[in-house]
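Take 0 as the starting number for the sequence shown in numbering that gives the first Met the number 0 and just add one per residue. A virtual CB, placed ideally from N, CA and C, is assigned to each residue, including glycine. A short write-up of the structure that comes next.
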Amino acid sequence: MFALWLNRKIYHFLLVTLSLYFLLI
0 MFALWLNRKI YHFLLVTLSL YFLLI
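Shown next, in the form of C-alpha cells:
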C-alpha cells in the first residue's frame with residue numbers, strides 16, 4: 000500500500016518536472 004502511494008508520488012513529481020521542463024523550453 001505504502002509502495003503504491005510512493006510510486007504515485009514519484010510518478011506525479013516526474014510529470015510535473017517534465018511539464019515545467021517543456022514549458023521553460
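Quick one: Cα of residue i to Cα of residue j, how far?
i            : j            : result
leucine 22   : leucine 3    : 29 Å
leucine 19   : methionine 0 : 29 Å
asparagine 6 : leucine 17   : 16 Å
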